[in-house]
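Asks: Numbering (my numbering), first residue to last: 7 to 584.
Quick reminder that beta carbons are idealized off the backbone N, C-alpha and C, glycines included.
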C-alpha cells in the first residue's frame with residue numbers, strides 16, 4: 007500500500023461525499039471516511055481540481071463537514087487466489103458468513119474482512135523452475151481446489167518478462183508464504199504469493215489472443231439450444247417482468263449448462279430471491295460431478311436493502327472473479343441478476359453528481375458502461391495454448407415488462423442473444439416463458455438452419471392464425487389454417503416447453519434434442535387429412551400427450567421405446583388413412 011494522505015469532507019449529499027485533498031488522487035481510488043472510530047469505505051468517482059466526489063459503500067449517518075478522509079493510493083480491488091469457490095461475498099468481497107458470525111443478523115458499518123483464509127494451507131505443486139522466463143498470467147504451479155487444479159500465476163500486475171529466481175518446493179503453504187521470486191530486466195526483484203490483487207474495473211488481458219465465440223454452450227434447455235443458442239464465451243440477456251420465471255431459468259442454467267465455474271451476482275435483487283439462491287445452491291445436485299452445485303460456484307450477494315453504491319461494485323467484482331478463473335483455461339458462466347438494479351444505482355449517483363441526464367434520467371453514458379461490462383465476456387487463447395472463456399448472462403427487469411426502456415435497449419445493442427421472457431406465456435404456465443417470436447440469437451444452433459427455419463415458419467403462421475381466430479372465431483377459420491395452428495401448438499407444448507423440476511425433462515442433452523426435433527419436424531412437415539376440426543384437435547391432443555410423456559422417460563428405457571413406438575404408430579395410421 008502506498009503512503010496514505012488525508013483530506014477532509016466539505017460536503018455530504020446522501021452517499022456522495024465531496025472531499026478536499028492536499029495532493030494528487032486517482033479516479034476509482036479507495037479511501038476511508040472516518041466517523042468517530044468507524045472507517046467507511048469510499049471510491050473516488052470524479053476529480054475536480056483539488057476536490058473529489060466519492061461514493062460511500064455504507065450509510066453516511068454521522069459524517070459531517072470537516073471529518074477526515076484517508077486516501078489509500080489503491081484502486082478498488084479484489085483478492086484472487088485459492089479458496090474463492092463455495093464462498094458467498096457481498097459487493098466488496100467481504101465473506102458474508104464471517105460477517106454474520108461477527109455482527110449477527112444485522113451487518114455493522116465499517117467492518118471489512120479478508121476475502122480469503124490466510125491461515126489455511128494449500129498443497130502446492132510447482133510447474134515452473136528457477137531460470138524460467140514468464141509473463142503475467144503464466145503458471146508457476148497449482149494447488150487443488152475442489153475438483154479443479156487452481157493455477158498459481160505470475161501476478162497480472164507484473165509487466166514485461168520476469169525470470170524466476172526462486173520457486174518453493176512441493177508442500178503445504180499458506181497464502182502468506184512466499185512461493186516464488188522473480189526479477190525483471192531492470193533488476194527489480196519481487197516476491198510472489200498464492201494470492202494477488204486486481205482492480206475490478208480493469209479487464210484482465212493476460213492472454214495471447216481473443217477468439218470469436220462460435221461453439222454452442224449446451225444449456226440443456228431445448229428452446230435455448232435449438233432456437234436461441236448461447237455461445238461459449240458469448241453474451242445473452244433475459245429481460246422480463248416480475249414473475250416470468252427469471253430466477254428458475256437462472257437456476258436451470260447454473261445447474262445444467264456446460265460451464266466449469268458458475269458465478270452469480272445478485273445485484274440489488276429482493277432479499278427473498280437471494281435467500282432462495284443461498285438455500286437452494288447448497289442442496290442442488292451438480293449433474294457433472296455428483297456433488298453439490300455450490301462446490302463450483304461463487305455468489306456475490308448485494309440485495310436491494312444494502313447500500314446502493316455497492317451494487318456497481320458487485321457486478322464488477324463478479325466479472326473480475328470470472329476472468330480470473332478463465333485464466334486457468336476454464337469455462338466460466340457469470341449470471342448478473344439484475345442489471346436494471348445496477349443501472350438504477352448509476353441513475354441515483356448521476357443525479358447526485360448533478361450530471362446532464364439522458365433518457366428516463368439514466369446517465370448519458372449508460373450505454374457505454376453496459377457495453378464495457380459485456381465486452382469483458384469472451385473466448386481467449388492463453389499463452390500455453392489452453393482455451394478459457396467467460397460467458398455473461400444478464401437479467402433485466404424492465405418496469406411493466408417494457409422492452410423499450412433504456413436499460414433493455416442498451417443491452418440489446420451489445421449482446422449476442424436475446425431471450426425475452428413473456429408475461430403472456432408465464433400467465434399461461436408455458437415455461438420457460440421465452441417468447442419464441444420476439445427472441446433472437448446470433449449464434450449457431452445445435453439443429454440445422456434449414457430445419458429451424460421450417461419450424462419457425464410454423465410458429466409464425468400459427469400465431470397469425472391464432473390472432474385471426476380471436477377476431478372471427480374458430481368456426482370462421484379454414485381447416486387448412488386450423489391445421490397450421492394445431493401444429494404450432496404441438497411444437498410449443500412438446501418441444502419449447504420444459505419441466506425444470508423433472509429429472510429427465512429438466513435437462514435435454516444435445517443428441518436427444520436433435521433426435522426429438524426431427525420427430526417433431528416430421529409431424530410439422532406431414533400433410534395430414536381430417537374430416538373436421540374436432541377430429542384434428544382430438545388427434546393432435548392425443549399425440550401431444552404421448553410426446554410429453556416420452557419427454558419424461560430416460561433414453562433407452564423400455565418406457566421410452568414403447569412410447570416412441572406408439573408415437574410412430576399413431577402418425578403412420580393417420581398418414582395411411584389419409
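1) Let me know the beta strand (DSSP E) ranges lying completely inside the stretch 391 to 472, each 3 residues or longer, listed in chain order.
2) From what residue to what residue does the alpha helix (DSSP H) around residue 384 run?
3) Mapping the DSSP letters down to three states, classify residue 8 as helix, strand or coil.
4) I need the DSSP call for residue 213, collapsed to helix, strand or coil.
5) Thinking just about the alpha-carbon of each residue, which of 183, 530 and 229 is nearest to the one in residue 440?
6) Going residue by residue through the stretch 82 to 130, where are the continuous beta strand (DSSP E) segments of at least 3 residues, counting only ones entirely within it?
7) I think residue 493 touches residue 468, with their Cβ atoms under 8 angstroms apart; what is that distance to the nearest whole Å?
8) What residue does the alpha helix (DSSP H) around residue 555 start on, and which one ends it?
9) Please classify residue 47: is it buried, with 16 or more other beta-carbons within 10 angstroms of its beta-carbon, or exposed?
10) Skipping 5 residues on each side, what residues in its chain have a beta carbon closer than 7 angstroms to that of residue 7?
11) Return helix, strand or coil for residue 17, following the three-state DSSP convention.
12) In whole angstroms, give me the CA-to-CA distance for residue 315 and residue 122.
13) Have a look at 25, 152, 90 and 155 and flag the residue whose alpha-carbon is nearest the alpha-carbon of residue 124.
14) Figure out for me which residue from 95, 239, 408 and 241 has the closest Cα to the Cα of residue 320.
15) Mind checking who residue 202 pairs with in its DSSP beta bridge?
16) Helix, strand or coil, according to DSSP, for residue 43 in the structure here?
17) Using three-state DSSP, classify residue 250 as helix, strand or coil.
18) So, using beta-carbon positions, are residue 66 and residue 18 closer together than 7 angstroms?
19) Going residue by residue through the stretch 277 to 341, where are the continuous alpha helix (DSSP H) segments of at least 4 residues, counting only ones entirely within it?
20) Between residue 422 and residue 445, which are expected to be in contact by the criterion C-beta below 8 angstroms, what is the C-beta distance as a whole number of angstroms?
21) Give the DSSP bridge partners of residue 158, in chain order.
22) How big is the Cα-Cα spacing for residue 64 and residue 136?
23) Using a threshold of 7 angstroms, state whether the C-beta atoms of residue 471 and residue 459 are closer than that.
24) For the 8 angstroms Cβ check, are there 3 or more pairs between the stretch 396 to 416 and the stretch 246 to 253?
25) Could you spell out the range, first to last residue, of the alpha helix (DSSP H) harbouring residue 581?
26) Taking the alpha carbon of residue 223 as the reference point, which residue from 232, 23 and 215 has its own alpha carbon closest?
27) Exposed or buried, which one is residue 464 when buried takes at least 16 other CB atoms within 10 Å?
28) Going by C-alpha to C-alpha distance, which of 190, 227 and 37 sits closest to residue 45?
29) Select from 535, 191 and 345 the residue whose C-alpha is nearest the C-alpha of residue 309.
30) Report the three-state DSSP secondary structure of residue 362 (helix, strand or coil).
31) Looking only at its own chain, which residues have a Cβ that is under 7 angstroms from the Cβ of residue 254, when we skip the five neighbours before and after it?
32) To which residues of the same chain is residue 73 closer than 8 angstroms at the C-beta, ignoring the five residues directly before and after it?
Replies: Walking through what the data contain:
1) Under the rule that a run must span 3 or more residues, the beta strand (DSSP E) segments found entirely inside the stretch 391 to 472 read 393 to 402.
2) Position 378 of the chain shown, counted from the first residue, corresponds to residue 384. First-last for residue 384: 384 to 387, but that is the beta strand (DSSP E), not the alpha helix (DSSP H).
3) By one-based count along the chain shown, residue 8 stands at place 2. With a pLDDT of 44 at residue 8, under the threshold of 50, the predicted position of this residue should be treated as unreliable, though the coordinate-derived value follows. If DSSP states are grouped into helix, strand and coil, residue 8 belongs with coil.
4) By one-based count along the chain shown, residue 213 stands at place 207. Here residue 213 sits in coil by DSSP.
5) Position 434 of the chain shown holds residue 440. Ranked by how close their Cα comes to the Cα of residue 440, the residues 183, 530 and 229 have 229 in first place.
6) Correct list: 83 to 86.
7) Your numbering for residue 493 matches position 487 in the chain shown. Your numbering for residue 468 matches position 462 in the chain shown. At roughly 7 angstroms, the Cβ-Cβ gap stays under 8 angstroms, so residue 493 and residue 468 are in contact.
8) Here residue 555 corresponds to residue number 549 of the chain shown, with the count starting at 1. For residue 555, the enclosing alpha helix (DSSP H) has its first and last residue at 539 to 557.
9) Numbered from 1 along the chain shown, position 41 holds the residue referred to as residue 47. Using a 10 angstroms sphere on the CB of residue 47, the tally of other CB atoms reaches 16 or more, which defines it as buried.
10) Counted from its first residue, the chain shown places residue 7 at position 1. With a pLDDT of 41 at residue 7, under the threshold of 50, the predicted position of this residue should be treated as unreliable, though the coordinate-derived value follows. Take residue 7, set aside five residues on each side of it, and the residues of its chain with a beta-carbon closer than 7 angstroms to its own are 78, 79 and 80, in chain order.
11) Here the question's residue 17 lines up with position 11 in the chain shown. Reduced to three states, the DSSP call for residue 17 is strand.
12) Counted from its first residue, the chain shown places residue 315 at position 309. Counted from its first residue, the chain shown places residue 122 at position 116. Computed Cα separation, rounded: 23 angstroms.
13) Here residue 124 corresponds to residue number 118 of the chain shown, with the count starting at 1. Comparing Cα-Cα distances from residue 124 to each of 25, 152, 90 and 155, the minimum goes to 90.
14) The count along the chain shown starts at 1 and reaches residue 320 at position 314. Ranking 95, 239, 408 and 241 by Cα distance to residue 320 puts 95 first.
15) Numbered from 1 along the chain shown, position 196 holds the residue referred to as residue 202. Beta-bridge pairing links residue 202 to 86.
16) To locate residue 43, count along the chain shown from 1; it is residue 37. Per DSSP, reduced to three states, the secondary structure at residue 43 is coil, with no helix or strand assignment.
17) Taking the first residue of the chain shown as 1, we reach residue 250 at position 244. In the structure shown, residue 250 sits in coil (DSSP, three-state: anything other than H, G, I, E or B).
18) In the chain shown, counting from the first residue as 1, residue 66 sits at position 60. In the chain shown, counting from the first residue as 1, residue 18 sits at position 12. In terms of Cβ geometry, residue 66 and residue 18 form a close pair [threshold 7 angstroms].
19) Within the stretch 277 to 341, the complete alpha helix (DSSP H) runs of at least 4 residues are 277 to 286 and 315 to 332.
20) For this step, residue 422 is matched to residue 416 along the chain shown. For this step, residue 445 is matched to residue 439 along the chain shown. Incorrect: roughly 12 angstroms between the Cβ atoms, too far for contact.
21) Within the chain shown, the letter at position 152 stands for residue 158. Residue 158 pairs with 147.
22) In the chain shown, residue 64 corresponds to position 58, counting from 1. In the chain shown, residue 136 corresponds to position 130, counting from 1. Approximately 46 angstroms between the Cα atoms of the pair.
23) Position 465 of the chain shown, counted from the start, is the residue given in the question as residue 471. Position 453 of the chain shown, counted from the start, is the residue given in the question as residue 459. Not in contact: residue 471 and residue 459 (Cβ atoms no closer than 7 angstroms).
24) Because the criterion of three Cβ pairs below 8 angstroms is met, the stretch 396 to 416 and the stretch 246 to 253 touch.
25) Taking the first residue of the chain shown as 1, we reach residue 581 at position 575. DSSP places residue 581 inside the alpha helix (DSSP H), whose first and last residues are 564 to 583.
26) Your numbering for residue 223 matches position 217 in the chain shown. Selection 232, 23 and 215 evaluated against residue 223 yields 232 as nearest (Cα-Cα).
27) Counting from 1 along the chain shown, the entry for residue 464 is found at position 458. Answer is buried; the Cβ neighbour count reaches 16.
28) For the purposes of this step, residue 45 is taken as the residue at position 39 of the chain shown. Of 190, 227 and 37, the residue nearest in Cα terms is 37.
29) Your numbering for residue 309 matches position 303 in the chain shown. Looking at the Cα atoms, 345 is the closest of the given residues.
30) Mapped onto the chain shown, residue 362 falls at position 356. In the structure shown, residue 362 sits in coil (DSSP, three-state: anything other than H, G, I, E or B).
31) Residue 254 sits at position 248 when you count from the first residue of the chain shown. So the qualifying residues of the chain are 506.
32) In the chain shown, the residue the question calls residue 73 occupies position 67. Only 14, 15, 39, 40 and 41 meet the Cβ criterion.
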